[in-house]
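Each residue of the sequence shown is one higher than the one before, counting from 239 in this note's numbering.
We put the CB at the ideal spot given by N, CA and C, even for glycine.
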Amino acid sequence: MRVLPFVAWIALLGAGCALTTRFAATETSSVLRQASQAVEQHWDIDLVGDGLPASIVQLEGLYAVIPDDEDLGIQVMRASGSYAWGWLSDDAEDALARGDLERQEAISLRGRLLFLRARNIGVHHMRLRDGGIDVALAAGPEALGRHLSQRYGAREDAAILFWTGYAWAGAIQMSNADPALVAELPLVRTLLERSFALDASFFHASALMALAAIDAAVGPEYGGDPERGRARFEQALTVTERRFFAVQLQYAATYAVTVGDRDLFVTLLREIVDGGDPDPSVRLANRLARRKAIRLLRRTDELIP
């Protein structure tokens, strides 16, 4: 019986250590969240790209300690998705251009897994918010839309919906037309539509831009409509005052290519290349867009003969 106080003391000590670790992880997460703003303003995309894998590992370590912290979860989602879109997709395109299909597939798989990890984190936090999300997802886009309308009504809810939809869309884009993933596109659209309805300007109107890209790039069997996509792109350009070059990039890469509008394609991409530094808060994203725009311009004859 004398052992019980000792056991209880050890248990309390363990709980204290756990609380201390959690507090430290939370404080570190807060610092990293503020530091990420400086990264978004950085000018050297190669330096950031070289450092991002280590940052993702660090964020994942913190997230393992506090997996119920939605803000930290979104940081992991953003870092993973940014690396997959900003760097891995370019590496995959380079490998494809060289005819190295094995390398291209390996890089695409890395990107797809990062996006799926981010998607799963988003769904995890939606489960923490309400226990009905899995049933709603399984029931299809209409049921999901009704569920989101009932459970997600605050402007701040736009964030988790957008980053989950964005990651899911990225996984589909890097899936090499995996039919199982492509079939989930209507669910992605539903998440993005609700995010946009809650906060049209969130993260530089990115939900609107993503919806426009889906409209312009996919067939009617998945709800695609190029002209609706064009109208949404024009709206996104207005909202962002043409200072967030990802809009022009997606406009050119999806709508202009789909309809074969060579003049629009070149004009949009030249606007990026010659656009300078219109918004320091998105400097890194704009520099990535510029690099991608140069790649696309080199492929003009291939994409729009």
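| field | Three CB pairs or more closer than 8 Å across the segment 412-430 and the segment 368-384 | value | Segments in contact, yes.
| Contacting residues, own chain, Cβ-Cβ under 7 Å from residue 377 (five flanking each side not counted) | What you label residue 377 is simply residue 139 of the sequence shown in a count that begins at 1. Result list for residue 377: empty, nothing under 7 Å.
| Buried or exposed (CB count within 10 angstroms, at least 16 for buried), residue 280 | Translated into the one-based positions of the sequence shown, residue 280 becomes position 42. Note on residue 280: under 16 other CB atoms within 10 angstroms of its CB, so exposed under the neighbour-count rule.
| First and last residue of the uninterrupted alpha helix (DSSP H) at residue 327 | One-based indexing of the sequence shown puts residue 327 at position 89. According to the DSSP assignment, residue 327 belongs to the alpha helix (DSSP H) that extends over 327-335.
| said: Are the CB atoms of residue 527 and residue 490 within a distance shorter than 8 Å? | reply: Translated into positions along the sequence shown, residue 490 becomes position 252. Translated into positions along the sequence shown, residue 527 becomes position 289. Residue 527 is positioned such that its CB atom lies no closer than 8 Å to that of residue 490.
| field | Contact set for residue 544: own chain, Cβ-Cβ below 8 Å, skip 5 residues either direction | value | Because the chain in this structure spans residues 239 to 543, residue 544 falls outside the shown range and cannot be described.
| request: Just mark residue 532 as buried or exposed, buried being the case when its beta carbon has 16 or more other beta carbons within 10 Å. | output: Within the sequence shown, the letter at position 294 stands for residue 532. With fewer than 16 Cβ atoms within 10 Å of its Cβ, residue 532 is classed as exposed.
| Limits of the alpha helix (DSSP H) - the one that residue 220 falls within | There is no way to answer for residue 220, as the model of the chain reaches only from 239 to 543.
| task | Could you spell out the range, first to last residue, of the alpha helix (DSSP H) harbouring residue 483? | result | To locate residue 483, count along the sequence shown from 1; it is residue 245. For residue 483, no alpha helix (DSSP H) run applies, since DSSP gives it neither H nor E.
| query | Do residue 443 and residue 495 have their C-beta atoms within less than 8 Å of each other? | reply | For the purposes of this step, residue 443 is identified with residue 205 of the sequence shown, where counting begins at 1. For the purposes of this step, residue 495 is identified with residue 257 of the sequence shown, where counting begins at 1. No, they are not a contact pair.
| said: Which of the three DSSP states is assigned to residue 422 in this structure? | reply: For this step, residue 422 is matched to residue 184 along the sequence shown. If DSSP states are grouped into helix, strand and coil, residue 422 belongs with coil.
| Alpha carbon to alpha carbon, what distance is there between residue 464 and residue 395? | By one-based count along the sequence shown, residue 395 stands at place 157. By one-based count along the sequence shown, residue 464 stands at place 226. Just so you know, the alpha carbons of residue 395 and residue 464 end up roughly 28 Å apart.
| request: Whole angstroms is fine: what's the gap from residue 508's alpha carbon to residue 529's? | output: In the sequence shown, the residue the question calls residue 508 occupies position 270. In the sequence shown, the residue the question calls residue 529 occupies position 291. Pairing residue 508 with residue 529, the inter-Cα distance amounts to about 12 Å.
| request: Would you tell me roughly how many angstroms separate the C-alpha atoms of residue 407 and residue 307, rounded to the nearest one? | output: Taking the sequence shown and counting its residues from 1, the one referred to as residue 407 is at position 169. Taking the sequence shown and counting its residues from 1, the one referred to as residue 307 is at position 69. Answer to the nearest angstrom: the Cα atoms are 23 Å apart.
| Buried/exposed call for residue 388, threshold 16 Cβ in 10 Å | As a working note, residue 388 is residue 150 in the sequence shown. Exposed: under 16 other Cβ atoms inside 10 Å.
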